[in-house]
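Residue numbers (the numbering used here): -1 to 168. Backbone N, C-alpha and C fix where the C-beta goes; we use that ideal spot for every residue, glycine too. The structure appears right after this line, and notes come after that.
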Amino acid sequence: TLPATLDSLTQQTLQPAEYVFVDSGSTDSTLSLLPAGSILHRYAGDTFNFSEALNQGLVHVTCDYLLIISSHSALAHPAAIEQAVHLLETNPEIGAVYFSPEKSGELTAEIVDRRNFNGFNGLWNTCSIVRVPLLRERQFRPEVFSAEDQEWAGWLIHCRGMATARIDGA
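Okay, structure coming up:
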């Protein structure tokens, strides 16, 4: 699935400036698919933990925004990243943007804040963009083995008073 993921990123009107991959022990030819200049971090730990993998990769990020995308995800709309970054740049109260396949075709955004956050709609770290300073301030919690993205969104919304945005059609 990684070739489809990487191809979707090369089709974006705003492409990632750098690539950081966290490898949990690939034994096939996956690593040969990485774009030139990519940073490869070998996951450190006996048992894989997605929160910890994201936190370990964060150490290597030098950009203001972090695109988190799982190797089984792909962005179908070529302006998805551009719209997400535009939302973040023009709305300082938005800490993260996540992408949804709902309503494919046209990109639409919905703000998720204290008024409508239900514990399940705050962030999907299978495909999202997060402000790096916020992740450095409060990383994903490794002890939250499942729904670490929703737990982090709850912190962002309730403790920091910020919001996320969901982009449909991406």
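Look at residue i and residue j and say whether their C-beta atoms are less than 7 angstroms apart.
{"i": "S49", "j": "L0", "result": "no"}
{"i": "A77", "j": "F97", "result": "no"}
{"i": "H75", "j": "A168", "result": "yes"}
{"i": "G178", "j": "A151", "result": "What the structure shows of the chain is the stretch from -1 to 168, and residue 178 is not part of that stretch, so it cannot be assessed."}
{"i": "D147", "j": "N123", "result": "yes"}
{"i": "A163", "j": "A107", "result": "yes"}
{"i": "D166", "j": "E100", "result": "yes"}
Could you give the residue range of the beta strand (DSSP E) that holds residue i?
{"i": "A161", "result": "A161 to D166"}
{"i": "E108", "result": "T106 to V110"}
{"i": "H39", "result": "I37 to R40"}
{"i": "R139", "result": "Here R139 belongs to no beta strand (DSSP E), and DSSP marks it neither H nor E."}
Take the Cβ of residue i as the centre, count every other Cβ of all protein chains shown within 10 Å, and call the residue buried at 16 or more, exposed below.
{"i": "A42", "result": "exposed"}
{"i": "N114", "result": "exposed"}
{"i": "L64", "result": "buried"}
{"i": "S126", "result": "buried"}
{"i": "R134", "result": "exposed"}
Tell me which residues share the same chain as residue i and place their Cβ nearer than 8 angstroms to its Cβ, disregarding the 5 neighbours each side in the sequence.
{"i": "D5", "result": "A72"}
{"i": "V110", "result": "N119, G120, A151, I155, A161, T162, A163 and R164"}
{"i": "L31", "result": "L0, P1 and L4"}
{"i": "L105", "result": "H75, A77, A78, Q81, I165, D166, G167 and A168"}
Go through its chain and collect everything with a Cβ distance to residue i's Cβ below 6 angstroms, but skip five positions before and after it.
{"i": "L52", "result": "F138"}
{"i": "L132", "result": "G93"}
{"i": "L154", "result": "G93 and M160"}
{"i": "R129", "result": "G93"}
{"i": "Y17", "result": "P33 and S36"}
{"i": "E91", "result": "M160 and A161"}
With a threshold of 7 angstroms on Cβ separation, who are the neighbours of residue i within its own chain once the five nearest residues in sequence on each side are excluded?
{"i": "A20", "result": "The question names Ala, yet the displayed sequence has Val at residue 20. Around V20: H39, Y41, A51, Q54 and G55."}
{"i": "F143", "result": "N47"}
{"i": "N169", "result": "Limits of the chain in this structure are -1 at one end and 168 at the other, which puts residue 169 out of reach."}
{"i": "S22", "result": "Y41, F46 and A51"}
{"i": "L12", "result": "I79, E80 and V83"}
Between which two residues does the alpha helix (DSSP H) carrying residue i extend?
{"i": "S6", "result": "L0 to T8"}
{"i": "F48", "result": "F48 to L56"}
{"i": "V83", "result": "A78 to T88"}
Any 3 or more C-beta pairs closer than 8 angstroms across the stretch 26 to 36 and the stretch 80 to 90: no
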